[in-house]
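Asker: A single structure is presented below for examination.
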Amino acid sequence: MDFFSTQNILVHIPIGAGGYDLSWIEAVGTVAGLLCIWLASLEKIANYAFGLINVTLFAI
């Protein structure tokens, strides 16, 4: 199982004509982005770490 592959599908979202396959790496990147925003709203310095994780996962 290759975690960093976009072919490793977590769930199929039935939107539109063909739907959308959400991979594990996209799901983890999205959760990291949401944590980053939440921590930034609380003015916590840890938001930078989650922001870097978010950007790195979506850049892969």
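Note that this note's numbering has the sequence shown beginning at 19, numbered continuously upward.
Built from N, CA and C at the ideal position, the CB exists for glycine as well.
Residue range of the beta strand (DSSP E) that I31 falls in?
Answerer: Looking up residue 31 in the sequence shown gives position 13. Where I31 is concerned, the enclosing beta strand (DSSP E) stretches over I27 to I31.
Asker: Under the three-state reduction of DSSP, which class applies to S41: helix, strand or coil?
Answerer: Walking along the sequence shown from the start, residue 41 turns up at place 23. Note: S41 maps to strand in three-state DSSP.
Asker: Going by C-alpha distance, which of I71, A77 and L40 is nearest P32?
Answerer: What you label residue 32 is simply residue 14 of the sequence shown in a count that begins at 1. Checking every option, the nearest Cα to that of P32 belongs to L40.
Asker: Could you tell me whether the Cβ atoms of G69 and A58 are closer together than 9 Å?
Answerer: Here residue 69 refers to the residue found at position 51 when the sequence shown is read from its first residue. Here residue 58 refers to the residue found at position 40 when the sequence shown is read from its first residue. A58 is positioned such that its CB atom lies closer than 9 Å to that of G69.
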